[in-house]
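Each step along the sequence shown adds one to the number in the UniProt record's numbering, with nothing skipped, and position 291 is 291.
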Amino acid sequence: MGARTAAGGPVLVVGSGFVGTETARRLAGEGRAVTLASRGRPASPPEAYGAGWTALDATDPAACARVVAEVRPRAVVLVHGPSDVTWCEAHPVEAARAHAAATASFAALPGLDRLVMISTDNVFDGVAPVCVEESPTAPANAYGAAKLRAEELLLARAVSPATVLRVSLVYGHEPADAGKWLNFFASCAHRLLRGEPVEAPDDQWTTPVPVADVAAVTALLLRPGAAVPELLHLGGPERVSRAGWAREIARALGVPEELVRPVPRASGRYASRPENTCLASTRLGAMPGMEAVALRGVAAAARELAGAFGRG
């Protein structure tokens, strides 16, 4: 368990994947007592950055109640459930069940300062180039449908203040041997550095956001006394195709851009993604503290991340 005490009280982060781990790291760095909860122990030991870990099957209400009794959190961040869009498309029932079950269990928790669920841009059909919080939802795939149902459950049933934070495509450094599917940036970077070609859609657009920026905004939402809307969007400042982004990654790594091969999204694993997965916000900028969060564009972030991949 997390051993620190800090203003704002303990935080439980449900899900120890890419976003959950970075969120826990950020919160621990701010002095919060943080516990990660997941089925398996995280690849990166939470103790190394001042957090704790406990085993949890988030689809089991009794297990959720046990962990809450142990941790006694003042805030909960839900980053649970399968997030591989392709896997969810092949297993829609399992995906929906996993996202809904954990959401229902934690929505019933009284006395929290804040309950935040990280959601997705896939709740939209991708017809509009960019979507804001007021845009009508229409999931284009099973993952988006599962997350939208979880959003609705949370906001309808939460007995503590709750916020859904929809994020666009999240990226950052991950080692090549992470033992899972990698985020788009990391996958491209490792292949490019090995001199391997990268096929990337030139007709699938996103507003990618670094994982560190997602963690920073999430931490902001958990500040004691913060007035937070029920729904917020977080996307990066630039709308870019995956092919264009991959070329930007190649430039930052100093490898030939010709290794990037533009392809139609329908020809590969991105076929189930909407044409546009781009988010903007009409609300986030008004949040106190957001002036200190400088959301990074793809070129600047690529240059910063190049060093983590052995370049730059």
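By construction, the Cβ of each residue, glycine as well, lies at the ideal position given by its N, Cα and C atoms. Keep in mind it's a predicted model, so treat the numbers as computed, not measured.
For His233, the enclosing beta strand (DSSP E) begins and ends at Leu231 to Leu234. Listed in chain order, the non-local C-beta contacts of Leu231 below 6 Å within the same chain comprise Glu133 and Val164, local neighbours out to five positions each way being set aside. When DSSP states are grouped into helix, strand and coil, Pro92 belongs to the helix group. A distance below 6 Å between beta-carbons, with the five flanking residues on each side excluded, links Val34 to the following residues of its chain, in chain order: Gly2, Val11, Ala24, Leu27, Ala28 and Ala51. Burial is judged here by how many other beta carbons sit within 10 angstroms of a residue's own beta carbon; Pro210 has at least 16 and is buried. Counting of Cβ neighbours within 10 angstroms places Arg66 among the exposed residues, the total staying below 16. For Ser241, the secondary structure class from DSSP, reduced to helix, strand or coil, is strand. The closest CA to that of Ala142, considering only Pro110, Glu291 and Ser272, is found on Ser272.
Residue state for Tyr171 is assigned as strand, using DSSP reduced to three classes. By the criterion of a C-beta distance shorter than 8 Å, Glu89 is surrounded in its chain by Asn141, Ala142, Tyr143 and Ser272, once the five residues flanking it on both sides are discounted.
Exposure of Asp177 is indicated by the presence of fewer than 16 other C-beta atoms within 10 angstroms of its C-beta. The continuous stretches of alpha helix (DSSP H) do not include Leu36, which lies in the beta strand (DSSP E) extending over residues Val34 to Ser38.
Counting along the chain, no beta strand (DSSP E) covers Ser135, and no H or E run does either.
In this model, Gly285 and Tyr270 are separated by some 31 Å (Cα to Cα). Proximity to Asn276 across Leu56, Arg157 and Phe124 peaks at Phe124, based on C-alpha coordinates.
Taking C-beta atoms as the reference points, Ile118 and Cys188 fail to come closer than 8 Å. For Glu22, DSSP assigns no beta-bridge partner whatsoever. Leu253 and Val71 have their C-alpha atoms spaced approximately 42 Å apart. In this chain, Leu115 is not harboured by any alpha helix (DSSP H); it is covered by the beta strand (DSSP E) spanning Arg114 to Thr120. Annotation for Glu196: no alpha helix (DSSP H) segment contains it, and DSSP assigns it neither H nor E. CA-CA distance, Ala301 to Gly195, rounds to 22 Å.
In this structure, Val116 sits away from Asp213, with a CB-CB distance that is not shorter than 8 Å. Around Asp202, the same chain offers Ser241, Ala243 and Pro262 as residues with beta carbons nearer than 6 Å, after the five sequence neighbours per side are excluded. Val71: not part of any beta strand (DSSP E); member of the alpha helix (DSSP H) spanning Pro61 to Val71, first to last residue. Judged by DSSP secondary structure, Thr54 falls within the beta strand (DSSP E) whose first and last residues are Gly52 to Ala55. The C-alpha of Ala162 is placed about 20 Å away from the C-alpha of Ser168. The beta carbon of Pro73 lies closer than 8 Å to those of Gly9, Pro10, Val11, Leu12, Thr35 and Leu112 in the same chain, with the five residues before and after it left out.
Annotated three-state conformation of Thr277 is strand, per DSSP. Between Ala200 and Val260, the beta carbon gap of about 6 Å places them in contact (Cβ cut-off 8 Å). Rounded to whole angstroms, the separation of the alpha carbons of Val76 and Val228 is 15 Å. Ranked by how close their Cα comes to the Cα of Arg157, the residues Lys147, Ser105 and Gly17 have Ser105 in first place.
Annotation for Ser281: Val132, Glu133, Leu232, His233, Leu234 and Gly235 place their beta carbon closer than 8 Å to its own, counting only its chain and skipping 5 residues before and after. For Arg261, the enclosing beta strand (DSSP E) starts and ends at Val260 to Val263. Under the three-state reduction of DSSP, Arg166 is assigned to strand.
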